[in-house]
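Take a look at the structure set out below.
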Ligand SMILES: [Zn+2]
Ligand SMILES: [Zn+2]
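Residue numbers (the numbering used here): 40 to 300.
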């Protein structure tokens, strides 16, 4: 099976002691490509370092909505520089809105989000969107602010069926995490995920978070190898062959991030 973990944080310090083993397990489980999402400047730098060591590791630069309070033009300029100087940078993100924990005030989050979309547009990069409990604001901003040519993925999708179709109508991809495998928390997602057109699907771990159910009892920390559990559950609920679906999703991901297959 050929898998692409379209969103993870293996640049997190929790992988410092054993990253080579983590990458080896990913490879042995068919994970042939990985996208490391950015959340701030330091993690973006670390991601670029990792991409220089391992083949088919790609990176994104961006400021997470939690950190929007520190997102000035200076910071965005530095991320722009990193994107222009490093071939491994294939996307901008994660960026978006998170009103769940409100680590940054709403006006800061919205300003930071718009500024980053403008920069991604300038650089011609696809976007990795993070949305949680934004009560419709995320969609309003997406819809009102920007060209229809904009490409991106709503990662770790956790919204309603209506929201899902709105994002699909705007042309975006939907990222499915291990939440799909969790009994209670994944129930609603399992009901609506079969309705996503096959060519708009992406799978991801969002590691070190959201360990899928099959691994949950044994491992606290998620890792790219476990994206296999996401594809298996997804194929099951879509009543399709996991190998074929994996291949299709691999192609979708390469296409969105503009990397060769
Ligand atoms: Zn996120
Ligand atoms: Zn993430």
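By construction, the Cβ of each residue, glycine as well, lies at the ideal position given by its N, Cα and C atoms.
These figures come from a predicted structure and were not determined experimentally.
Residues near residue i by beta carbon distance below 8 Å, same chain, minus five either side
i	result
residue 186	160
Option nearest residue i by Cα separation, candidates the options
i	options	result
residue 43	243, 191, 60 and 257	243
residue 46	287, 212, 153 and 56	212
residue 252	163, 271 and 164	271
residue 79	223, 48, 204 and 221	48
residue 134	279, 115, 297 and 222	115
residue 146	120, 168, 119 and 177	177
residue 152	105, 275 and 124	105
residue 53	259, 99, 223 and 63	259
residue 94	109, 112 and 71	71
residue 235	75, 203, 158 and 141	203
residue 191	65, 293 and 59	293
residue 170	158, 183 and 141	141
residue 246	59, 76 and 207	76
residue 196	266, 184, 172 and 237	172
residue 210	254, 165, 108 and 279	165
residue 282	55, 69 and 107	69
Residues of its chain near residue i, where Cβ-Cβ distance is below 7 Å and the 5 sequence neighbours each way are ignored
i	result
residue 273	215, 219, 232, 242 and 284
residue 100	77, 83, 118, 121, 122, 128 and 131
residue 229	219 and 276
residue 85	50
8 Å contact criterion, which residue i and residue j should meet: CB distance rounded
i	j	result
residue 87	residue 127	6 Å
residue 180	residue 130	Contact doesn't hold; Cβ gap of about 19 Å is too wide.
residue 89	residue 125	Going by Cβ atoms, the distance from residue 89 to residue 125 rounds to 12 Å, so no, they are not a contact pair.
residue 290	residue 300	6 Å
Outcome for residue i when other beta-carbon atoms lying within 10 angstroms are tallied against a minimum of 16
i	result
residue 67	exposed
residue 92	exposed
residue 137	buried
residue 263	buried
residue 222	exposed
residue 256	exposed
residue 157	exposed
Through-space distance from residue j to residue i, alpha-carbon basis
i	j	result
residue 96	residue 73	5 Å
residue 268	residue 249	12 Å
residue 287	residue 193	18 Å
residue 240	residue 98	19 Å
residue 41	residue 83	26 Å
residue 162	residue 119	8 Å
residue 227	residue 174	18 Å
residue 58	residue 207	35 Å
residue 148	residue 182	17 Å
residue 22	residue 143	The requested residue 22 does not occur in the structure, where the chain is confined to residues 40 to 300.
Same chain, Cβ closer than 6 Å to residue i, five either side skipped, listed in chain order
i	result
residue 110	102 and 151
residue 200	231
residue 188	none
Within-7 Å CB hit, residue i to chain D
i	result
residue 79	Although the question refers to chain D, the structure presented lacks it and comprises just one protein chain.
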